[in-house]
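Numbering (full-length UniProt numbering), first residue to last: 1 to 366.
Below you can see the structure in the form of structure tokens.
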């Protein structure tokens with residue numbers, strides 16, 4: 001319970017206001033001036049809105065008088081202060097005290113807090129403690145020294161001599177820290193910078209891809225694959241490497257096979273019927289063309305199974321299935337045959353193709 005409750009004139013709301021302003025003990029009221037205390041309470045109440053109206057100056061003077069009476073202040077000192085209120089204050093330098101020096105050496109470092117940060121968090125200035133000026137103080141000083149912190153600090157080898165002497169500021173030691181990520185050979189000197197001359201190193205041609213360099217192989221073909229070929233010709237293998245080249249090859253193969261068997265089956269079916277109905281006139285029709293109508297459903301099933309899995313390496317679209325959309329200008333197209341058969345034939349012949357939808361060159365050969 002607060003010591004201020006011993007003053008009967010202080011009500012509960014006023015007691016809360018005093019604690020918010022930082023006055024929690026009787027000695028705080030004894031040392032403060034009534035006018036100063038009244039101003040601080042008014043500011044604290046305006047900010048925190050604890051009371052409807054701040055205490056007036058007469059009430060504050062009554063509190064201070066009661067506190068000084070309860071704190072057993074000698075009557076002689078009270079009379080001297082009343083008789084000579086303008087007497088000069090004797091300032092004391094506590095930094096010369098060995099106990100205070102020990103306290104400063106073991107005290108943590110206090111960092112200043114911006115006023116904007118206090119306002120954003122809703123902390124009133126009255127709640128922030130005020131540190132006494134040790135070399136110019138006008139009162140007694142409560143010195144509290146922790147022995148455990150002192151032993152820990154003395155055993156810390158990372159402190160510099162300056163930090164050990166002051167005990168307030170710890171200076172970081174960067175002498176043993178190595179700089180990383182900076183090539184000193186590439187840093188220009190001050191003489192070169194002032195002269196204005198710039199040394200430009202010539203660009204080196206890219207070295208050929210290594211046989212085991214998988215990343216480079218995904219972007220460009222091997223050097224021996226296109227050796228002696230014209231880069232503008234279709235036989236020049238280009239584009240990114242497909243992750244499933246065997247699957248792409250089988251898909252294109254069965255697409256071509258199915259689209260070749262369909263017209264052959266259409267032609268061979270009536271010939272077989274006529275040779276059966278009129279054997280004298282169509283005796284020249286061989287019986288082995290029966291294989292074309294029989295192979296159509298088998299080839300169609302294989303074509304459907306493989307073409308559904310062939311996708312572009314870049315956009316992921318199924319390039320061997322028909323789709324009603326706008327095609328890329330680089331797509332393989334033959335009037336009357338569409339897009340799928342030209343792409344499949346081009347892939348089987350040259351081992352690369354342009355995607356029908358995104359136009360990216362994709363190869364199936366390393």
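Cβ atoms here follow ideal geometry from the backbone N, Cα and C, with glycine treated the same way.
How many angstroms separate the CA atom of residue 330 from the CA atom of residue 241? The alpha-carbon of residue 330 is positioned some 18 angstroms away from that of residue 241.
If you follow the beta strand (DSSP E) that residue 354 is in, where does it begin and where does it stop? Start and end: 352–354.
Quick one: residues in its chain with C-beta nearer than 8 angstroms to the C-beta of residue 225, no 5 flanking neighbours on either side, listed in chain order? 237, 365 and 366
According to DSSP, is residue 361 helix, strand or coil? strand
Reduced DSSP category for residue 111 - H, G, I as helix; E, B as strand; rest coil: coil
Just to confirm before moving on: does the CB-CB distance between residue 26 and residue 60 stay below 8 angstroms? no
What three-state label does DSSP hand residue 329 in the structure shown? coil
When 213, 195 and 311 are compared against residue 251, the one with the closest alpha-carbon: 311
Candidates 20, 24 and 58: closest to residue 41 by CA position: Nearest of 20, 24 and 58 to residue 41, Cα basis: 20.
Out of 234, 214 and 100, state which residue places its alpha-carbon closest to the alpha-carbon of residue 243. Closest option to residue 243, judged by alpha-carbon separation, among 234, 214 and 100: 214.
Look at residue 353 and residue 362 and say whether their C-beta atoms are less than 8 angstroms apart. yes
In chain order, which continuous runs of the alpha helix (DSSP H) of length 4 or greater are located wholly inside the UniProt domain "DUF4332" (2–68)? 12–20, 26–31 and 34–48
Backbone CA spacing between residue 221 and residue 278 [nearest angstrom]: 59 angstroms
Does the beta-carbon distance from residue 371 to residue 66 come in below 8 angstroms? Here the chain covers residues 1 to 366 and nothing more, so residue 371 does not appear.
Are the segment 294–310 and the segment 257–268 in contact at 8 angstroms, needing three or more beta carbon pairs? yes
For residue 244, which of helix, strand or coil comes out of DSSP? Residue state, collapsed to three classes: coil.
Under 8 angstroms between C-beta atoms of residue 303 and residue 254: yes
Report yes if the CB atom of residue 63 is closer than 8 angstroms to the CB atom of residue 137, and no otherwise. Contact flag unset, no.
CA-to-CA distance, residue 232 to residue 343, given in whole angstroms: 18 angstroms
Do you know how far the Cα of residue 29 is from the Cα of residue 35? 12 angstroms
Residue 14: buried (16+ other C-beta within 10 angstroms of its C-beta) or exposed? buried
Would you list, in sequence order, the uninterrupted alpha helix (DSSP H) runs of no fewer than 4 residues that lie entirely inside the segment 224–273? none
Let me confirm a value: residue 103 is counted as buried when at least 16 other C-beta atoms fall within 10 Å, else exposed. Which label applies? buried
Who are the Cβ neighbours of residue 57 in its own chain at under 6 angstroms, not counting the five residues just before and after it? 38
Within the continuous alpha helix (DSSP H) that includes residue 296, where are the two ends? 291–307
Just to confirm before moving on: does the CB-CB distance between residue 282 and residue 271 stay below 8 angstroms? Cβ distance < 8 angstroms, so residue 282 and residue 271 count as in contact.
What span of residues does the alpha helix (DSSP H) with residue 217 cover, start to end? Note, residue 217: alpha helix (DSSP H), 214–219.
Which listed residue (230, 299, 118 and 307) has its alpha carbon closest to that of residue 248: 307
Straight-line Cα distance separating residue 17 from residue 113: So the two alpha carbons sit approximately 24 angstroms from each other.
Straight-line gap, residue 126 to residue 7 (C-alpha atoms, nearest Å): 22 angstroms
Distance, residue 50 Cα to residue 12 Cα: If you take the alpha carbons of residue 12 and residue 50, they lie about 11 angstroms apart.
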